[in-house]
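Peer 1:
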Amino acid sequence: MVIYLSKEPNMCLAIPAKVIEVDEALQAGKVDYLGTKVKANFALLEGVQAGDWVIVHAGFAISKLDEQEARETLALLREIVEKSEPAGG
Amino acid sequence: MNAYRDKKVISALLKTIGKKAKPLPTPCRIMEVCGTHTMTIHKYGLKKMLEEIGIEMVSGPGCPVCITPNEIHEAAITLVARHENFILATFGDMTRVPTRMDSLQNTIPHRGSSIRIVYSPQESLELARQKKEKSVIFFGAGFETTIPSIAFLAKQAAQENLKNYSILSALWLIPPPLKAILESGEIKISGFLYPGHVSAIIGRKPYEFVARDYGFPGAIAGFEPGDILLGISSILEQMKNGKPRVSNEYSRVVPSDGNPIALRLMEEVLEPKDAHWRGLGLIPKSGLKLRKAFENWDAEVKYGLDIRAGSGDLPGCRCGDVLRGLISPTECALFGKKCAPDFPCGPCMVSFEGSCFVHYKYRELNSR
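One line per chain: the protein sequences are A and B, in this order. Position one of the first sequence corresponds to residue 2 (my numbering), numbered consecutively onward. Position one of the second sequence corresponds to residue 354 (my numbering), numbered consecutively onward.
1) Do you know offhand how far Leu485 (chain B)'s Cα is from Lys38 (chain A)'s?
2) Is the separation between the beta-carbon of Pro625 (chain B) and that of Leu643 (chain B) shorter than 8 Å?
3) Helix, strand or coil, according to DSSP, for Thr452 (chain B) in the structure here?
4) Assign Gly673 (chain B) to buried or exposed, taking buried as 16 or more other Cβ atoms, counted over all protein chains shown, within 10 Å of its Cβ.
5) When you compare the CB positions of Val654 (chain B) and Lys508 (chain B), do they come within less than 8 Å of one another, or not?
6) Per DSSP, Asp33 (chain A) forms a beta bridge with which residues?
7) Name, in chain order, the residues that DSSP records as bridge partners for Phe696 (chain B).
8) Within the 8 Å Cβ cut-off, does Phe647 (chain B) reach chain A?
9) Within its chain, find whatever has a CB closer than 6 Å to the CB of Gly90 (chain A); leave out the 5 residues flanking it on each side and keep chain order.
10) Are any of the Cβ atoms in chain A nearer than 8 Å to that of Arg605 (chain B)?
11) Compare the C-alpha of Glu22 (chain A) against each of A:Leu35, A:Phe43 and A:Ile16 and name the closest.
12) Just the C-alpha distance for Val411 (chain B) and Leu27 (chain A), rounded to the nearest angstrom, thanks.
13) Quick one: does Val3 (chain A) have its CB under 8 Å from some CB of chain B?
14) Phe43 (chain A) lies in the beta strand (DSSP E); which residues open and close that run?
15) If contact means a Cβ-Cβ distance below 9 Å, which residues of the region 550-562 of chain B contact chain A?
16) Spell out the partners DSSP gives Pro734 (chain B) in its beta bridges.
17) Is the separation between the beta-carbon of Gly544 (chain B) and that of Phe576 (chain B) shorter than 8 Å?
18) Once you ignore the five residues that flank Glu117 (chain A) on each side, which residues in its own chain have a CB closer than 6 Å to its CB?
19) My assumption, with CB atoms under 8 Å, is that Val82 (chain A) sits in contact with Lys361 (chain B). Please give the rounded CB distance.
20) With C-beta atoms as the reference, is Ile660 (chain B) less than 8 Å away from Ile370 (chain B)?
21) Taking only beta carbons into account, state which residues of the region 679-701 of chain B come closer than 9 Å to chain A, listed in chain order.
22) Suppose contacts are defined by Cβ-Cβ distances below 8 Å. Is Pro501 (chain B) in contact with Gly415 (chain B) by that definition?
23) Is it buried or exposed for Tyr556 (chain B), if we count other Cβ within 10 angstroms and need 16 for buried?
24) Does the count of Cβ pairs from the region 376-393 of chain B and the region 458-468 of chain B closer than 8 Å reach three?
25) Is it the case that the region 424-439 of chain B contacts the region 612-619 of chain B, given that we only count it when at least three CB pairs across the two stretches are under 8 Å?
26) For Leu46 (chain A) versus Ala62 (chain A), is the C-beta distance shorter than 8 Å?
27) Nearest-angstrom Cα distance between Asp566 (chain B) and Val599 (chain B)?
28) Would you tell me roughly how many angstroms separate the C-alpha atoms of Val675 (chain B) and Gly52 (chain A), rounded to the nearest one?
29) Identify, in the order they occur along the chain, each residue of the same chain with its Cβ nearer than 7 Å to the Cβ of Pro17 (chain A), setting aside the five sequence neighbours on each side.
30) Would DSSP call Tyr357 (chain B) helix, strand or coil?
31) Given a limit of 9 Å on CB to CB distance, which residues of the region 459-484 of chain B reach chain A?
32) Between B:Glu684, B:Thr389 and B:Cys709, which has its C-alpha nearest Pro694 (chain B)'s C-alpha?
33) Note down the Cα distance separating Ala533 (chain B) from Met454 (chain B), rounded to an integer number of angstroms.
34) Taking 8 Å as the CB-CB limit, is Gly371 (chain B) close to chain A?
35) Are Ile540 (chain B) and Gly699 (chain B) closer than 8 Å when you measure CB to CB?
36) Take the Cβ of Thr498 (chain B) as the centre, count every other Cβ of all protein chains shown within 10 Å, and call the residue buried at 16 or more, exposed below.
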């Protein structure tokens, strides 16, 4: 069964969803959001493919996650942790 | 995802922020423009942790349900209460907003009419296709994050010539109220935390005037606690070196130029209009409406709705002052007494991203 997600309809959901199915003709498909299959419209993005991570807002995918940028932010966080800890700790 | 919530990461970020904040004048007030940021800041106890290191977070106007004025909610109530065979499809929180005519939730629809709660605006279009004998109206409020989806619906309805479908929308743009807040000079703010998903659509450029013309630092931030602290850290860095700009701390989701497909669609279907915000009043070119080519799908035109600005606030409700950042929700005499999420007196206590709702829900966690 496919459901629409969230009791908090208008909010910006922080967690990206993984694309599992794309119907190119319909510009729509399904995403996996924390283990739940959810309908999504892909008309606002170009070339969405199964396996992509997207941000879904009110049923529309609005942004594709940039893996390179995600890795850089994680590296930055790691660096901040290392800097704040005493050396050799 | 865990790194953005990791205890070690959060405490390291707070330490970095604390160091940067020390030489700056206190308290350093930063406006989180977006309601979902307000939610994260309170939910994870960041509000209190930041206060302890001299940083005060102030909620901005970024809750669409909250800033949509009474008269628009009342127009929706009137539509479904006075017309036969209407289906008013809307987001759940919109049905609970109190107006002088009570709320949509408590409205008795006219014969054959009903109110449907949808998660995605797309569901309203599906309803119109299936129920040709009904007039389906989508009633929605939203910022740039939601606007492209509503533009998509209008275009789709026009392409299919779906005559039983229309849209009653309250579409708000984020940059104009920032300008209004800066111009009014009512509140002392040191910098802005810009919304993550609005920025995924509009990119960085629309905020540049804040740094260039007004000299205020700012950062686009995501919605995890780590994201928000990265944003605050960048704002303090800009204050320290005296070089205000718009930094993008959510680059994994926000491209510098935004989402070109969504922006093109908005431009094609919608045009700017002067709009009346709850609390903030009339702001030039701060709203959007359907272009003439799509007016058959504009419920305001189709049903000749007379939506007059300034229909007045609800008695005692200070949502307007909360939205302007003039008072904290707890300073309102109704807060937690006459007004709570189960019996809200105003929209800021209804919406999940409303400042009053968030302050009430997490009051234990953030009380000093």
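All C-beta atoms, glycine included, are put in the ideal place defined by N, C-alpha and C.
Peer 2: On the basis of the data shown:
1) The sequence shown places Lys at residue 485 (chain B), rather than the Leu named in the question. Each residue's alpha carbon lies about 29 Å from the other.
2) no
3) coil
4) buried
5) no
6) A:Lys19 and A:Lys38
7) B:Ala693
8) no
9) A caution first: Gly90 (chain A) carries a pLDDT of 42, below 50, which makes its placement in the model too unreliable to give a value.
10) yes
11) A:Phe43
12) 42 Å
13) Annotation note: pLDDT 42 at Val3 (chain A) (below 50); position unreliable, coordinate value reported separately. Taking Cβ atoms only, chain B never reaches closer than 8 Å to Val3 (chain A), which makes this a no.
14) Taken as a continuous stretch (DSSP letters only), Phe43 (chain A) belongs to no beta strand (DSSP E), as it is neither H nor E.
15) His550, Val551, Ala553 and Ile554
16) No answer is possible for residue 734 (chain B): the residues shown for chain B start at 354 and end at 721.
17) One thing to note: Gly544 (chain B) has its Cβ no nearer than 8 Å to the Cβ of Phe576 (chain B).
18) Here chain A has residues from 2 to 90 only, and residue 117 (chain A) is not among them.
19) With 8 Å as the limit, Val82 (chain A) and Lys361 (chain B) qualify as a contact, their Cβ atoms being about 5 Å apart.
20) no
21) none
22) no
23) According to the sequence provided, residue 556 (chain B) is Gly. The question's Tyr does not apply to it. Buried, since its Cβ has 16 or more Cβ neighbours within 10 Å.
24) Result no; under three Cβ-Cβ pairs closer than 8 Å.
25) no
26) yes
27) 13 Å
28) 42 Å
29) Trp54, Val55, Ile56 and Leu66
30) Note: Tyr357 (chain B) maps to helix in three-state DSSP.
31) Ile470, Val471, Tyr472, Ser473, Pro474, Gln475 and Glu476
32) B:Cys709
33) 30 Å
34) no
35) Contact: no.
36) buried
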